[in-house]
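Here is the structure we will look at, set down as structure tokens.
Protein chains in written order, with the working numbering: chain A, 2 to 64; chain B, 153 to 304.
Structure (structure tokens):
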């Protein structure tokens, strides 16, 4: 699975720290998700799409 | 629903856990653990030694040192391992579960190996040590994985 979180984060000019605070997770968790070391739960995926104003499909896709 | 303890217990339980293990171990290896806090206690069931006369539902004289350290190590180990991080998120939960799984695997592999290589009373000692090993391994693996996570 790959993701476009870094791209969407840049679009909103958010740092990993900013995004982690909005989602109430640690900065390292955002880093792990961006680097495909950790695949988030559906709940966190939906929250990510809400904060980054896009669909979950836009953020995550299968290889 | 979270079954975790508050983050405020993390530091104090860590100190108690990592201090009580060497103190308890030292007292046990020097045969002094049974000589402290000697009081009369109510026993439901007890053998002085295997094969000796059985006693039950009565008062016996007993050193509470081993009971005290057993309680201290297990309680502080559980509280420390299962208290929340400052930011408790789903990745931390995943790391905690993976660390617990790994520690249980390692502990039971050691028990299986010991079952075929260690006999008599020494085997009982290994089972008792394993009581603490599971929680110690879990704590160490979890702390190491968290260290790696926070430095990523």
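A virtual CB, placed ideally from N, CA and C, is assigned to each residue, including glycine.
Keep in mind it's a predicted model, so treat the numbers as computed, not measured.
Identify, in the order they occur along the chain, each residue of the same chain with its Cβ nearer than 7 Å to the Cβ of residue i, setting aside the five sequence neighbours on each side.
i, result
"residue 63 (chain A)", "2"
"residue 303 (chain B)", "none"
"residue 5 (chain A)", "59 and 60"
"residue 252 (chain B)", "290"
"residue 232 (chain B)", "162, 165, 166, 169 and 291"
"residue 248 (chain B)", "294"
"residue 188 (chain B)", "215 and 217"
"residue 186 (chain B)", "215, 217 and 218"
Taking just the CA atoms, how far does residue j sit from residue i?
i, j, result
"residue 38 (chain A)", "residue 223 (chain B)", "38 Å"
"residue 59 (chain A)", "residue 34 (chain A)", "15 Å"
"residue 225 (chain B)", "residue 176 (chain B)", "9 Å"
"residue 218 (chain B)", "residue 283 (chain B)", "13 Å"
"residue 41 (chain A)", "residue 242 (chain B)", "8 Å"
"residue 213 (chain B)", "residue 182 (chain B)", "21 Å"
"residue 300 (chain B)", "residue 250 (chain B)", "14 Å"
"residue 273 (chain B)", "residue 280 (chain B)", "11 Å"
"residue 255 (chain B)", "residue 288 (chain B)", "8 Å"
"residue 50 (chain A)", "residue 44 (chain A)", "10 Å"
"residue 296 (chain B)", "residue 262 (chain B)", "21 Å"
"residue 13 (chain A)", "residue 221 (chain B)", "55 Å"
"residue 275 (chain B)", "residue 265 (chain B)", "11 Å"
"residue 29 (chain A)", "residue 230 (chain B)", "25 Å"
"residue 1 (chain A)", "residue 260 (chain B)", "Residue 1 (chain A) is absent from the model: chain A starts at 2 and stops at 64."
According to DSSP, which residues form a beta bridge with residue i?
i, result
"residue 192 (chain B)", "B:213"
"residue 62 (chain A)", "A:3"
"residue 157 (chain B)", "B:235"
Could you spell out the range, first to last residue, of the alpha helix (DSSP H) harbouring residue i?
i, result
"residue 18 (chain A)", "17-24"
"residue 302 (chain B)", "273-302"
"residue 250 (chain B)", "242-269"
"residue 53 (chain A)", "First-last for residue 53 (chain A): undefined, no H or E at that position."
"residue 174 (chain B)", "162-181"
"residue 31 (chain A)", "28-35"
Might you give, ordered along the chain, the residues of its own chain that have their beta carbon closer than 8 Å to the beta carbon of residue i, omitting 5 neighbours on each side?
i, result
"residue 210 (chain B)", "194 and 195"
"residue 159 (chain B)", "235, 236, 237, 238 and 240"
"residue 208 (chain B)", "195, 196, 197 and 198"
"residue 47 (chain A)", "57"
"residue 298 (chain B)", "237, 244 and 247"
"residue 156 (chain B)", "234, 235, 236 and 240"
Once you ignore the five residues that flank residue i on each side, which residues in its own chain have a CB closer than 6 Å to its CB?
i, result
"residue 228 (chain B)", "165, 168 and 169"
"residue 53 (chain A)", "9"
Between the region 43-56 of chain A and chain B, which residues of the former have CB atoms less than 9 Å from a CB of the latter, in chain order? 44 and 45
Chain-ordered residues of the region 211-244 of chain B with a beta carbon less than 7 Å from chain A: 239, 241, 242 and 243
Interface residues of the region 9-39 of chain A facing chain B [CB-CB below 9 Å]: 21, 24, 25, 26, 27, 28, 29, 30, 32, 33, 34, 36, 38 and 39
In chain order, what residues of the region 288-301 of chain B put their CB closer than 7 Å to some CB of chain A? 301
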